[in-house]
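Down below is the structure, laid out as structure tokens.
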Amino acid sequence: MTPEDMKKRTKLFGLDIIRLIDNIGNSLAARVIGGQLIRAATSVGANYRAACRGRSKREFIAKLGIVEEEADESAYWMEMLVDAGMVTETKVRRLINEANELVAITAASYMTAKRSH
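This is the structure in structure tokens:
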């Protein structure tokens, strides 16, 4: 996967989460969890782009670590939505899988970059 492919993929992930949150209701819990999820999911793409623009290998590695954390946090918030009965698992399964794939991709890139640093 090229950096451009990953930029598109992480941006699409953020947009898909925005669409999901727009449809979960307006309760206090939906607003709080939805806000946390949107912040984490959109941060995945933003930090990946920042990693690509990193001024040094060290900065690149640090930003990749943030991407991994935010993707994992996104999966957590989606699990919370399911466990709280706010969405069905079927509705978010694809997005949880995507978050986990982004974690795996980023973790592998992080480890490769650390080894070559």
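One point on numbering: in the numbering used here, the residue at position 111 of the sequence shown is 111, and numbering is uninterrupted.
Heads up, the beta-carbon is just placed ideally off N, CA and C, and yes, glycines get one too.
In three-state DSSP terms, what is A104? helix
Just verifying my parser: in three-state terms, what is the DSSP assignment at T2? It is coil, neither helix nor strand.
Figure out for me which residue from N26, N97, K7 has the closest Cα to the Cα of S74. N97
Three-state secondary structure (DSSP) at S56? coil
Among T42, G85, Y76, the one whose alpha carbon lies nearest that of I24: G85
Applying the 10 Å Cβ sphere with the 16-neighbour rule, what's the burial state of S109? buried
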